[in-house]
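A short write-up of the structure that comes next.
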Amino acid sequence: MEPGSTSDSVEGHKRQKGRSARTRLGSMLPNIEPFVRKTDHNPRELRSWAKKTGFVSTFSGETTTSVSDKFDSAGFDIEKGRGGGGSSPKIEIDPILGRTRPNRGSEIEAENGSGPDGRRNDNGRNGGILGFRDNGSVRGGEKERRRIRDEAILEDKVDERLNGNVNVNGDRNGTVNGNGIEVHVANPVETKKEEEKVERDEQIYMYPGGQEPADEGWHRQSEMRFGLRDNPGFVPLIYYGLQHFLSLAGSLIFIPLIIVPAMGGTDKDTATLISTMLLVTGVSTILHSYFGTRLPLVQGSSFVYLAPALVIINAREYRNLTEHKFRHIMRELQGAIIVGSIFQSILGFTGLMSLLLRLINPVVVAPTVAAVGLAFFSYGFSQAGSCVEISIPQILLVLVFTLYLRGISVFGHRLFRIYAVPLSVMIIWIYASFLTAGGAYDYKGCSPDIPSSNILTYACIKHAYTMKHCRTDVSNAWRTAAWVRIPYPLQWGIPIFHLRTSMIMIIVSLVASVDSVGTYHTISMLVNSRPPTPGVVSRGIALEGFCSILAGLWGSGTGSTTLTENVHTINITKVASRRAVEIGAAFMILFSFVGKIGAILASIPLALAASILCFMWALLVAMGLSTLQYSQSASFRNIMIVGISLFLGLSIPAYFQQYQPESSLILPSYFVPYAAASNGPAHTRSKQLDFAINALMSMNMVVTLLVAFVLENTVPGSRQERGVYIWSRAEDMASDPSLQANYSLSTKVSGFFGRSRSSGV
Numbered sequence: 006m007e008p009g010s011t012s013d014s015v016e017g018h019k020r021q022k023g024r025s026a027r028t029r030l031g032s033m034l035p036n037i038e039p040f041v042r043k044t045d046h047n048p049r050e051l052r053s054w055a056k057k058t059g060f061v062s063t064f065s066g067e068t069t070t071s072v073s074d075k076f077d078s079a080g081f082d083i084e085k086g087r088g089g090g091g092s093s094p095k096i097e098i099d100p101i102l103g104r105t106r107p108n109r110g111s112e113i114e115a116e117n118g119s120g121p122d123g124r125r126n127d128n129g130r131n132g133g134i135l136g137f138r139d140n141g142s143v144r145g146g147e148k149e150r151r152r153i154r155d156e157a158i159l160e161d162k163v164d165e166r167l168n169g170n171v172n173v174n175g176d177r178n179g180t181v182n183g184n185g186i187e188v189h190v191a192n193p194v195e196t197k198k199e200e201e202k203v204e205r206d207e208q209i210y211m212y213p214g215g216q217e218p219a220d221e222g223w224h225r226q227s228e229m230r231f232g233l234r235d236n237p238g239f240v241p242l243i244y245y246g247l248q249h250f251l252s253l254a255g256s257l258i259f260i261p262l263i264i265v266p267a268m269g270g271t272d273k274d275t276a277t278l279i280s281t282m283l284l285v286t287g288v289s290t291i292l293h294s295y296f297g298t299r300l301p302l303v304q305g306s307s308f309v310y311l312a313p314a315l316v317i318i319n320a321r322e323y324r325n326l327t328e329h330k331f332r333h334i335m336r337e338l339q340g341a342i343i344v345g346s347i348f349q350s351i352l353g354f355t356g357l358m359s360l361l362l363r364l365i366n367p368v369v370v371a372p373t374v375a376a377v378g379l380a381f382f383s384y385g386f387s388q389a390g391s392c393v394e395i396s397i398p399q400i401l402l403v404l405v406f407t408l409y410l411r412g413i414s415v416f417g418h419r420l421f422r423i424y425a426v427p428l429s430v431m432i433i434w435i436y437a438s439f440l441t442a443g444g445a446y447d448y449k450g451c452s453p454d455i456p457s458s459n460i461l462t463y464a465c466i467k468h469a470y471t472m473k474h475c476r477t478d479v480s481n482a483w484r485t486a487a488w489v490r491i492p493y494p495l496q497w498g499i500p501i502f503h504l505r506t507s508m509i510m511i512i513v514s515l516v517a518s519v520d521s522v523g524t525y526h527t528i529s530m531l532v533n534s535r536p537p538t539p540g541v542v543s544r545g546i547a548l549e550g551f552c553s554i555l556a557g558l559w560g561s562g563t564g565s566t567t568l569t570e571n572v573h574t575i576n577i578t579k580v581a582s583r584r585a586v587e588i589g590a591a592f593m594i595l596f597s598f599v600g601k602i603g604a605i606l607a608s609i610p611l612a613l614a615a616s617i618l619c620f621m622w623a624l625l626v627a628m629g630l631s632t633l634q635y636s637q638s639a640s641f642r643n644i645m646i647v648g649i650s651l652f653l654g655l656s657i658p659a660y661f662q663q664y665q666p667e668s669s670l671i672l673p674s675y676f677v678p679y680a681a682a683s684n685g686p687a688h689t690r691s692k693q694l695d696f697a698i699n700a701l702m703s704m705n706m707v708v709t710l711l712v713a714f715v716l717e718n719t720v721p722g723s724r725q726e727r728g729v730y731i732w733s734r735a736e737d738m739a740s741d742p743s744l745q746a747n748y749s750l751s752t753k754v755s756g757f758f759g760r761s762r763s764s765g766v
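So in our numbering, spot 58 of the sequence shown is number 63, and the numbers just go up one at a time.
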């Protein structure tokens, strides 16, 4: 017998088996031409050929369609490992779930035994081109046909996991029937469990007619009522646009109610500042929608800038000012915001933000955003508790609306979840008006219009604080505000620039950028789109810096950044239309011209405003911690990093804040922690540097960001454990029409930003 004759006979038998298998498959499957792999093939061609056959596999193994499960199951952040030869890309990790997924192939995988011409050699796997095999369980009807088609395109490793291991001789456990098809004999119970496991891990959808929707890429079934580029019509746009901004009322209008009284401003100043914030919010949102990331995000005055504003307001040299105190402090804030915003714009336009993105992960974002809300625990109920008959019903009503009545629909709308803040404020405000009109806060010989400093009797001085916080008629903003007033740049005067305050705002702009990065990634997945490219993120950060410069010029008291609460709003309303956000922003600009609107909002009782802020800050903490879902939240490494960051982020500032001012009676108790900048323990030869160091180390969010940033990027951990943000690539812009439509600038605008086109943003 000649050498190799046995091998030849075995190979001939395999070829005969392949022909018989193809004969059987021909009666079940459509006539599909075999894929011929080129030597210099592009792995995308494998997927493209699979699309033509009608078979498309999803990246996610989850079938539920709830929004919260989308976050858990979305397979956006994937890494593709490319093997040698004809091996197809394999998904190695799932950064969203933070776990290693079983190796699985694409829809069609070229054989490892391919020859030089790309065709399959005869000594390939048994069963012909598509290794068909039966698991030994008989199914009927459509389910059986679908299972057969699914199994026909699964790769060897999945088949081995389902049907058994390869023995020493290289043959799989099982028998061969008379038609040449290998039939496995398996325990039906075990086979059923394995099938259910694969159905969870390997979902294969076939679109009608074998055609996939026009938009390629990372699309999942969306629960959004209106997507990013949907246009429901002019009237619905007005409704949904106002809905967006009404649900964010707590973030947009309550900051002036805190900082203006602290700066020594009048009720008229509060009304003017609210109108200015409405204008800046509208302009910033429209600019970001056209020139920024183009996601449906609201840009406005953020709580990130509230803590540094309070630090500057309570500086030692401003405590004894009596004349023009409000304008002087406002000009100081304007100068600091402008300098910090210029730094943020440079960070974005130069591309440095793209490099920084490699170091910003969910484990950094989560505690940083949470610390922003935790920073105001000393202000929250200490202010709301000044009038418990208003504050406690307000807090309870918001909780009832958002938690207990969240599932109730009125005419198809979840009104209690969407309008929890404005509805509760309206109800409690009316209730407080009845208390005021009924004489609950009337004290003999005391007038709410007379400042407490002018009251001579001890009884009136004792009740002055209660009247100021509880009565609904103490504000004279309505009487003094004009019907029409257009906020204009430099309305408070020329900005004042100091090194110490500029250094503070530069660091705070970094915190705002980290906050926005997490929001960009979260909102892009929520609206069923691929994450933006690093260039798009840099462009968004640059626009945020530019909008903050406008906020500094107009004098809004705080910078402008992406509102994290907007993620919660879109999640509830299911409206992610870019046009709706733009229409709502246009109404904000229109409302800013009506001075009486700002006056009405400025008349909200302080106790009521503090109660709402307790809820808003708590929501901010929850939104920050929810970012951990993109990492392995149960990992000991991540638990320790987040825990240490939050603890030191609260404890270290408490150490700096314990250095009380020389005369603490000058400041209210809730403002004493923000006076550490002038009285902290840091002492160098430069008073400017002392102020900056003490101020930064007394702010919770800055310390938390510093600790989390260092630990996250120095403690070893796998990418899936850390939940590393994986952004889209620049070349994906040209290959994915949907991605280009979502994030690309218009032709005229991109022509102006020539560099952004070349970099794929």
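Glycine residues also receive a C-beta, built at the ideal position from the N, C-alpha and C atoms.
Bear in mind that the values here come from a model prediction, so they are computed numbers and not experimental data.
For residue j and residue i, believed in contact at Cβ under 8 Å, the rounded distance
| i | j | result |
| --- | --- | --- |
| G345 | V513 | 6 Å |
| V707 | L716 | No, V707 and L716 are not in contact; Cβ-Cβ is about 15 Å, not under 8 Å. |
| L257 | F250 | 7 Å |
| I259 | L618 | Note that residue 259 corresponds to Phe in the displayed sequence, not to Ile. Yes, F259 and L618 are in contact; Cβ-Cβ is about 6 Å, under 8 Å. |
| A312 | A380 | 5 Å |
| G600 | S280 | 6 Å |
| I511 | G340 | Contact doesn't hold; Cβ gap of about 12 Å is too wide. |
| T286 | G270 | No, T286 and G270 are not in contact; Cβ-Cβ is about 20 Å, not under 8 Å. |
DSSP state of residue i mapped onto helix, strand, coil
| i | result |
| --- | --- |
| H329 | coil |
| V479 | coil |
| Q388 | helix |
| T281 | helix |
| G767 | A question about residue 767 goes unanswered here, because the residues of the chain that appear run from 6 up to 766. |
| T566 | strand |
| H573 | helix |
| Q304 | strand |
| F5 | Not covered by the structure: residue 5. The range shown for the chain is 6 to 766. |
| F696 | helix |
| H688 | coil |
| F381 | coil |
| F416 | coil |
| F439 | helix |
| F231 | strand |
| M335 | helix |
| V489 | strand |
Residue j beta carbon less than 8 Å from that of residue i
| i | j | result |
| --- | --- | --- |
| V377 | S636 | no |
| L338 | A314 | yes |
| H688 | L624 | no |
| T566 | D520 | yes |
| W732 | T563 | no |
| I318 | I343 | no |
| Y664 | Y384 | no |
| I291 | I554 | no |
Contact set for residue i: own chain, Cβ-Cβ below 6 Å, skip 5 residues either direction
| i | result |
| --- | --- |
| D235 | S582 |
| S650 | P372, T709, V712 and A713 |
| R299 | Y748 |
| L630 | A371 and A375 |
Buried/exposed call for residue i, threshold 16 Cβ in 10 Å
| i | result |
| --- | --- |
| M431 | exposed |
| F620 | buried |
| W488 | exposed |
| I466 | exposed |
| M645 | exposed |
| I264 | buried |
Neighbourhood of residue i by C-beta, 8 Å cutoff - its chain only, sequence neighbours within 5 removed
| i | result |
| --- | --- |
| L262 | T275, A607, I609, L611 and A614 |
| G232 | V532, N533, A581 and S582 |
| S10 | The predicted position of S10 is uncertain, since its pLDDT is 47 and thus under 50; a value taken from the coordinates is nonetheless stated next. There are no such residues. |
Beta carbon proximity, residue i to chain D, threshold 8 Å
| i | result |
| --- | --- |
| D695 | The displayed structure is made up of one protein chain only, and chain D is not part of it. |
Chain-order list of residues whose beta-carbon lies under 7 Å from that of residue i (same chain, five-residue window excluded)
| i | result |
| --- | --- |
| I433 | I395, P398, Q399, L402 and L613 |
| R332 | W497 and G498 |
| R230 | K579 and V580 |
| A389 | S396, A612, A615, S616 and C619 |
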